[in-house]
Ligand SMILES: Cc1cc2nc3c(=O)[nH]c(=O)nc-3n(C[C@H](O)[C@H](O)[C@H](O)COP(=O)(O)OP(=O)(O)OC[C@H]3O[C@@H](n4cnc5c(N)ncnc54)[C@H](O)[C@@H]3O)c2cc1C
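Numbering (the working numbering), first residue to last: 56 to 463.
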């Protein structure tokens, strides 16, 4: 079978669409297959959520020429305040102390999605197939045959490389014979926007750990805040049924009064949480990126950031391969280079995120005391905060050209 495209991407969500925008800059034929088009309310990736973008993600989007189209809607985070309810220990990470204008930015998923999808629609070398889903794939020596199911009629694509970007519940992983480990946290994230009564700098993000689960409150840029509240699964239905006032009171009890009173909460949406890790990052003529490779707890806002680094790495390896004249994005050596490059960053971010949840999930008492001491001590240990800042900013591993502000 002669390849009809160079690269087929299963999933045009946050990571798949970002990767496609990078690949669109190369002399390649790319097909993006997405089950739910961007302009559909049921789009699961570009939904009501906002994303805390790390400094590295901002650089990658900037290098791709996307940042300029979203910057006016992005709220800078210049400080991250980490605390635990009922304990004195807190730690504050400051952009200025790291010599940076911002630690990251808060951006609406829908806004990012709109810009990414407009780019893809305008790219001559990108075929956007949506609504359509890839439900089968059969690798061969020089291509992978991909079955695309769509209402208007099914079709077969032959690609040199299939990129699996279909999210944490990826079905294509299993089709390719790759197992994944999933550990539910027993917690659900409830997200929404709110207003607060206390005037604040509007540039500080808050991470708060409580016995009922962690909570994040992020500046949305216009005086509003975005919250990510985690609840035990068993309490979620009851929490979602609360009226606005009762919900604000719940936020207040969990967060305290650092921002005054919570008022006027918008629509609330729930996301059950689990840690999902694919056991392999590649299969014959296939690479796995984003949540399909690693679905994380959103406590530290790392999921998309990590997935975007997968995308930037894969795009760089493919660009180098083209430059070397090889021109086979699904070659075994290229796929192995992707595994080698991504392994450490993924392992560290999974350990960091999961470790935070486990640490703050420990019962109160002596360990709780240690935690508080830990945060207070952490604040005083030179270098410790910089190390944390570097992880949250996505600077922990080997940086791609895009992350360093260079073209692909
Ligand atoms: C409450 C919450 C808050 C978060 N906050 C942050 C944050 O602040 N910062 C951060 O970095 N991350 C955050 N994340 C994580 C981030 O949202 C995810 O990491 C990111 O969405 C992953 O993108 P993805 O494209 O890999 O997968 P997804 O977003 O799951 O997208 C997968 C896409 O594939 C499509 N699809 C599925 N199957 C197929 C198929 N067979 N064929 C074709 N298409 C298919 C789906 O329709 C979807 O569009 C948060 C997550 C949650 C739940």
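For every residue, glycine included, the Cβ atom is placed at its ideal position computed from N, Cα and C.
Span of the beta strand (DSSP E) around residue 70: Where residue 70 is concerned, there is no enclosing beta strand (DSSP E), although the alpha helix (DSSP H) it sits in stretches over 69 to 78.
Exposed unless 16 or more other CB atoms sit within 10 angstroms - verdict on residue 206: exposed
Any non-hydrogen atom of ligand 1 within 8 Å of residue 99 CB: yes
Contact test: residue 218 Cβ vs ligand 1 heavy atom, cutoff 8 Å: no
Proximity test, residue 360 beta-carbon vs ligand 1 heavy atom, cut-off 8 Å: yes
Nearest-angstrom Cα separation, counted from residue 321 out to residue 460: 37 Å
Residues that DSSP places opposite residue 261 in a beta bridge: 136 and 272
Any non-hydrogen atom of ligand 1 closer than 8 Å to residue 326 Cβ: yes
Check: residue 108 C-beta below 8 Å from any heavy atom of ligand 1: yes
Buried or exposed (CB count within 10 angstroms, at least 16 for buried), residue 252: exposed
Cα-Cα separation, residue 338 to residue 300: 51 Å
Euclidean distance between Cα positions of residue 279 and residue 262: 16 Å
Contact test: residue 466 Cβ vs ligand 1 heavy atom, cutoff 8 Å: Residue coverage of the chain in this structure runs from 56 to 463, which leaves residue 466 outside it and unanswerable.
Own chain residues within Cβ distance below 6 Å of residue 319, not counting five before or after: 250
Continuous beta strand (DSSP E) assignments of at least 3 residues falling wholly in the segment 164 to 220: 181 to 184, 188 to 194, 199 to 204 and 210 to 219
Assumed close pair residue 329, residue 240 - CB separation to whole angstroms, cut-off 8 Å: 6 Å
Given 8 Å, three or more beta-carbon pairs between the segment 215 to 222 and the segment 341 to 350: yes
Residue 394: CB within 8 Å of a non-hydrogen atom of ligand 1: no
Three CB pairs or more closer than 8 Å across the segment 303 to 319 and the segment 192 to 208: no
Outcome for residue 242 when other beta-carbon atoms lying within 10 angstroms are tallied against a minimum of 16: buried
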